[in-house]
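Participant: Here it is, the structure in full.
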Amino acid sequence: MEGATRLRSSIACLRCRKSKIKCDNSGHLDTACENCIRSGHKCEWPEPAPPISRKSEPSIATRTDREAGPERKRPRKTGDAAQLDGQRHAEEILTAQFIDRDLWDKILITYRRHFSTELPFLHIPTVKSRIFDLLRGRKPANPDFNLVLLGLLALTARFHPDLVKYVEHLPQDRLGTQRPRGGRATKYEAVAASDFFAKALDTAMGSVMDAFTSATVERVQAWLMLGLHEWMSRNHGAGTGAWMYVGSAGRMAQALRLNCGDRSSSGGSRARPPLTEDIIIEREVRRRTMFSCFILDRLMSCGRDRVSFLRSEDLQIQLPCTDEDFDLSRTVRTSFLNCDGPADFRTTRNPNLLSRFVQLIDLWGDIFKHGYSGGRFKERTMPPWDPRSTFSRLQQRVELFEESLEIPDAFLGYSMSNYFRHDNGSSTYVLLHMLLAQCKIMLHREYIPFVPIKCEKPQGPIDEPTFPAETVPPGYWEASARELFKASRNIVNLIELCGDKLPHSSLTAFVIWSVAFVGLYARAFPQMDVEKYMVNVEDVRRPGDDAAADSATVGPTKTTFDALAKLAQYSGVAAAYVAQFQEVDEFFVKIVADHHRNAGRRGAGPHKLGVRHGGDTGGLEEWIKKADRLTSNGFIIEDERPLHPMDGSDRSRGSTRERSPSLGPDASQASTAARGPRPASSLVMGQHTPLVSAEGGTARFGQSPGQSVAVPETPADGQVEGVAAEGPIDWAVAPNMCLGTGFIGGDNIFGAFYDFSGQMPFDMWPTGPEAVDDGSPVRFAAEE
Numbered sequence: 001m002e003g004a005t006r007l008r009s010s011i012a013c014l015r016c017r018k019s020k021i022k023c024d025n026s027g028h029l030d031t032a033c034e035n036c037i038r039s040g041h042k043c044e045w046p047e048p049a050p051p052i053s054r055k056s057e058p059s060i061a062t063r064t065d066r067e068a069g070p071e072r073k074r075p076r077k078t079g080d081a082a083q084l085d086g087q088r089h090a091e092e093i094l095t096a097q098f099i100d101r102d103l104w105d106k107i108l109i110t111y112r113r114h115f116s117t118e119l120p121f122l123h124i125p126t127v128k129s130r131i132f133d134l135l136r137g138r139k140p141a142n143p144d145f146n147l148v149l150l151g152l153l154a155l156t157a158r159f160h161p162d163l164v165k166y167v168e169h170l171p172q173d174r175l176g177t178q179r180p181r182g183g184r185a186t187k188y189e190a191v192a193a194s195d196f197f198a199k200a201l202d203t204a205m206g207s208v209m210d211a212f213t214s215a216t217v218e219r220v221q222a223w224l225m226l227g228l229h230e231w232m233s234r235n236h237g238a239g240t241g242a243w244m245y246v247g248s249a250g251r252m253a254q255a256l257r258l259n260c261g262d263r264s265s266s267g268g269s270r271a272r273p274p275l276t277e278d279i280i281i282e283r284e285v286r287r288r289t290m291f292s293c294f295i296l297d298r299l300m301s302c303g304r305d306r307v308s309f310l311r312s313e314d315l316q317i318q319l320p321c322t323d324e325d326f327d328l329s330r331t332v333r334t335s336f337l338n339c340d341g342p343a344d345f346r347t348t349r350n351p352n353l354l355s356r357f358v359q360l361i362d363l364w365g366d367i368f369k370h371g372y373s374g375g376r377f378k379e380r381t382m383p384p385w386d387p388r389s390t391f392s393r394l395q396q397r398v399e400l401f402e403e404s405l406e407i408p409d410a411f412l413g414y415s416m417s418n419y420f421r422h423d424n425g426s427s428t429y430v431l432l433h434m435l436l437a438q439c440k441i442m443l444h445r446e447y448i449p450f451v452p453i454k455c456e457k458p459q460g461p462i463d464e465p466t467f468p469a470e471t472v473p474p475g476y477w478e479a480s481a482r483e484l485f486k487a488s489r490n491i492v493n494l495i496e497l498c499g500d501k502l503p504h505s506s507l508t509a510f511v512i513w514s515v516a517f518v519g520l521y522a523r524a525f526p527q528m529d530v531e532k533y534m535v536n537v538e539d540v541r542r543p544g545d546d547a548a549a550d551s552a553t554v555g556p557t558k559t560t561f562d563a564l565a566k567l568a569q570y571s572g573v574a575a576a577y578v579a580q581f582q583e584v585d586e587f588f589v590k591i592v593a594d595h596h597r598n599a600g601r602r603g604a605g606p607h608k609l610g611v612r613h614g615g616d617t618g619g620l621e622e623w624i625k626k627a628d629r630l631t632s633n634g635f636i637i638e639d640e641r642p643l644h645p646m647d648g649s650d651r652s653r654g655s656t657r658e659r660s661p662s663l664g665p666d667a668s669q670a671s672t673a674a675r676g677p678r679p680a681s682s683l684v685m686g687q688h689t690p691l692v693s694a695e696g697g698t699a700r701f702g703q704s705p706g707q708s709v710a711v712p713e714t715p716a717d718g719q720v721e722g723v724a725a726e727g728p729i730d731w732a733v734a735p736n737m738c739l740g741t742g743f744i745g746g747d748n749i750f751g752a753f754y755d756f757s758g759q760m761p762f763d764m765w766p767t768g769p770e771a772v773d774d775g776s777p778v779r780f781a782a783e784e
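Per UniProt numbering, the very first residue in the sequence shown carries number 1; after that it's consecutive.
Now the structure itself:
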């Protein structure tokens, strides 16, 4: 029986007896001693009448070979041998004695807390039953289930000291990665533990040919788990692996037709034979696996040239049921996602946290797509308050979705009491409301100036396209800014409410970083946050204050920084955001100080000065330089990574510059002789002269050559002379540039929250004629 804990009759295991060393154990028969855990050996104990021992029973792979008789000696193909070795390695790991039932229970709790929202496909009772069989040495009905267990270990090992300790003491040749030199690195070892199990999963999947031709639901799940692990890994800067793993999972899911199988009932209903429990579970697992592909596809497709391969209208399956119905294998009818156009949230059948989250992921994708395709620049003549505008329609959908959460007795709305009502599913509740707040931020950031030094209160765009003041509804811009900062504050409150139960997902890290940026913005420009949602009155910086940035120690920004720092212990994504936090804080301090120091300077010729040099722009010229650092949520290819720091200097691989003392750290002079060759795909953005319209700060669609805003050097006499680029930007030949997300519309806060930067041909921004590497003329567009 598995009820009471069995005590040992001996004081030392066999290995410690043989080695004549002290056996550090808890005295319980079902747990391994510390020495065996550290060495990676199986901990065995002498017993008078031992039950069936896993040691005496050969592995599944070995038994299969013996049963094959004389054919066992027949030489196998290289691919088969490699796959068999991987399976044996997986079985060796999964049957290690210290990974007992208690540890598996903790692993499943960790999975539910941190990963079950993006990967909700595990039917916990079935998983526990199969783990029980595995620990008893029984042959699994489906060998691919071991892949799912390895995926669980890859995602959760970093949170469990026993698993970390096991990997920490592995020989270097088995670990597969190089340990850091000098002392014990706890954080490194925690992440290395997950990396070890991910590598074991990758090996167990077999060769590329085997992995892609053996299609099962479990393999789809394993690909997804491996993809999510790679997306969070410390080597996140090259996210190619995650991109490919999730894409492979989605294609395999389509091949298995996981996106089909349910049909919405039409009119009459006929009595159907009752389904067995196994069929009910299998169907819901298939649905949830497909929706996991959909969720991760939406999360990872936000960026340059990352085309989503799953359309919501192709998901002809009903939305997930509640976790309780799933665990208890109940037959439940729910609504469909989007088979006949955008979902009507008010008529959703059997709404629950997970089904609402899937619907919100779909809505978020549409909001993202709006920004990606041009945002307000795509509808430059249509104001956002016009009901026909895309902005207005999306805003209405967000409001309807939020209203739908207030269904009586569902308890889905945002409140502290509802959070505690969903204690078992609090992670999904938290991510649902984080994503809802993120949707509001992504919408309302569109019309907020990026560097609003000249603004006395919230107002609309400073750069074109702008709207005549007399046409703006009273209080419109104030209400829009209020929605932005209030949504951010809601997330801060959620972080404080969760405490140590905050989900450690990549979406959590990204949303918190977005809110942290809003908080840094509010500290630098408190007049935009009228209600003081994101900045305390006593923490407001005064104009021209050049004190050291300290936003990590006060107010809501401290809450976001502390949360990111905690996530960064296990997530490479969060670690990158922690580094950017200080850079952004210092950037806002410096640009405000530079503006006040340079106020009163005058530009030579027809060129306007940028805001850093005392001009009255909305910060377009600054946004162009900073967009990559502010909007990136990871990179698929290494060359997408930004090479410039936030302070405006150019400490990149491609250039060496000397600082000019006249205007602080952002003013510099190019030293082309010292600069090495620049890779074709690199971004050299430390010093450039963007061409924009003088009327509003932004080049217009199809605009003829005209005035431009330059980022000038300042000679000793204080008179600034701008350098114009050669020719205008012709938007007619670049229709896919992300105008509405800040790369040309530099007067909004974030632009897109993901890596849209590749839509802007930054390599075409010159640093002056002398800085062109190949000597060819720089042209922004064809002459009209």
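Heads up, the beta-carbon is just placed ideally off N, CA and C, and yes, glycines get one too.
Name the DSSP beta bridge partners of Phe336, please?
Facilitator: Gln318
Participant: Taking the alpha-carbon of Leu567 as reference, which of Arg234, Cys321, Leu412 has the nearest alpha-carbon?
Facilitator: Arg234
Participant: Would you give the residue range spanned by the alpha helix (DSSP H) that Ala249 belongs to?
Facilitator: 240-255
Participant: Taking Cβ to Cβ, would you say Ala516 is nearer than 8 Å to Thr560?
Facilitator: yes
Participant: I believe Leu319 touches Phe294 by the beta-carbon criterion, under 8 Å. Please report the beta-carbon distance rounded to the nearest angstrom.
Facilitator: The Cβ separation is near 11 Å, so there is no contact.
Participant: Just the Cα atoms here: how many angstroms apart are Pro468 and Glu379?
Facilitator: 16 Å
Participant: On the criterion of 16 or more Cβ atoms from any shown chain inside 10 Å, does Pro556 qualify as buried, or is it exposed?
Facilitator: buried
Participant: Of the choices Lys369, Gly572, Pro46, Leu360, whose alpha-carbon is the least far from that of Leu400?
Facilitator: Leu360
Participant: Can you tell me which of Ser417, Ala193, Pro351, Leu149 puts its alpha carbon nearest to the alpha carbon of Leu108?
Facilitator: Leu149
Participant: Rounded to the nearest angstrom, what separates Leu497 and Arg421 at their Cα positions?
Facilitator: 13 Å
Participant: Given a threshold of 16 other Cβ atoms within 10 Å of its Cβ, counted over all protein chains shown, does Gly27 qualify as buried or as exposed?
Facilitator: exposed
Participant: Could you please give the first and the last residue of the uninterrupted alpha helix (DSSP H) stretch that includes Arg393?
Facilitator: 390-404
Participant: With H, G and I counted as helix, E and B as strand and the rest as coil, what does DSSP make of Glu456?
Facilitator: coil
Participant: Going along the chain, which residues of its own chain have a beta-carbon closer than 6 Å to the beta-carbon of Asp24, five neighbours each way excluded?
Facilitator: Cys33, Glu34
Participant: Got a sec, what are the start and stop residues for the alpha helix (DSSP H) Ala593 sits in?
Facilitator: Note, Ala593: alpha helix (DSSP H), 572-598.
Participant: Using only the alpha-carbon positions, how far apart do Ser308 and Ile448 sit?
Facilitator: 28 Å
Participant: So Tyr166 is in the alpha helix (DSSP H); what residue range does that whole segment cover?
Facilitator: 161-168
Participant: For the pair the segment 116-132 and the segment 518-537, tell me if three or more CB-CB distances fall below 8 Å.
Facilitator: Verdict: no, contact absent.
Participant: Reducing DSSP to helix, strand and coil, say where Asn493 ends up.
Facilitator: helix
Participant: Would the beta-carbon of Gly610 fall within 8 Å of that of Gly600?
Facilitator: no
Participant: So, under 8 Å CB-CB, Asn350 and Arg333 are touching, yes? Tell me the CB distance rounded to an integer number of Å.
Facilitator: With a Cβ gap of about 7 Å, Asn350 and Arg333 count as contacting.
Participant: Go ahead and label Val246 buried or exposed: buried means 16 or more other beta carbons lie within 10 angstroms of its beta carbon, across all protein chains shown.
Facilitator: Classification of Val246: buried, given that the 10 Å Cβ count is 16 or more.
Participant: What distance in whole Å lies between the Cβ atoms of Asn259 and Met209, which are believed to be in contact at a cut-off of 8 Å?
Facilitator: In fact, because the Cβ distance is near 25 Å, the residues do not count as touching under 8 Å.
Participant: State the Cα-Cα distance for the pair Glu91 and Asn146, rounded to the nearest angstrom.
Facilitator: Distance between Glu91 and Asn146, taken at the CA atoms: about 8 Å.
Participant: In the DSSP assignment, find the alpha helix (DSSP H) that holds Ser426 and state where it starts and stops.
Facilitator: 426-444
Participant: If the criterion is Cβ atoms closer than 8 Å, does the pair Leu502 and Ile491 meet it?
Facilitator: Not in contact: Leu502 and Ile491 (Cβ atoms no closer than 8 Å).
Participant: Please determine, among Phe326, Lys608, Phe587, the residue with the shortest C-alpha to C-alpha distance to Val285.
Facilitator: When each option's Cα is compared against that of Val285, the closest is Phe326.
Participant: Is there contact here, the segment 474-492 with the segment 435-454, by at least three beta-carbon pairs under 8 Å?
Facilitator: By the criterion of at least three beta-carbon pairs nearer than 8 Å, the segment 474-492 is in contact with the segment 435-454.
Participant: Let me know the secondary structure DSSP gives Gln569 once reduced to three states.
Facilitator: Three-state DSSP puts Gln569 in coil, outside helix and strand.
Participant: Under 8 Å by Cβ, that's how I've got His444 and Ser480 pegged, so tell me the actual separation to the nearest angstrom.
Facilitator: 5 Å
Participant: Considering just the uninterrupted stretch of the alpha helix (DSSP H) at Asp325, what are its terminal residues?
Facilitator: If you look at Asp325, you'll find it in the alpha helix (DSSP H) that goes 323-327.
Participant: Quick check: what's the CA-CA separation for Lys532 versus Leu507?
Facilitator: Distance between the alpha carbons of Lys532 and Leu507: 26 Å.
Participant: If you draw a straight line from the alpha carbon of Asp144 to that of Glu218, how long is it in whole angstroms?
Facilitator: The C-alpha of Asp144 lies about 6 Å from the C-alpha of Glu218.
Participant: Taking all protein chains shown into account, do 16 or more other C-beta atoms lie within 10 angstroms of the C-beta of Ala563, making it buried, or fewer, making it exposed?
Facilitator: buried
Participant: With C-beta atoms as the reference, is Ser551 less than 8 Å away from Asp585?
Facilitator: yes
Participant: Considering only residues of the same chain and omitting the five flanking positions on each side of Gln527, which have a CB-CB separation below 7 Å?
Facilitator: Excluding positions up to five away in sequence, the list reads Cys455, Glu456, Lys457.
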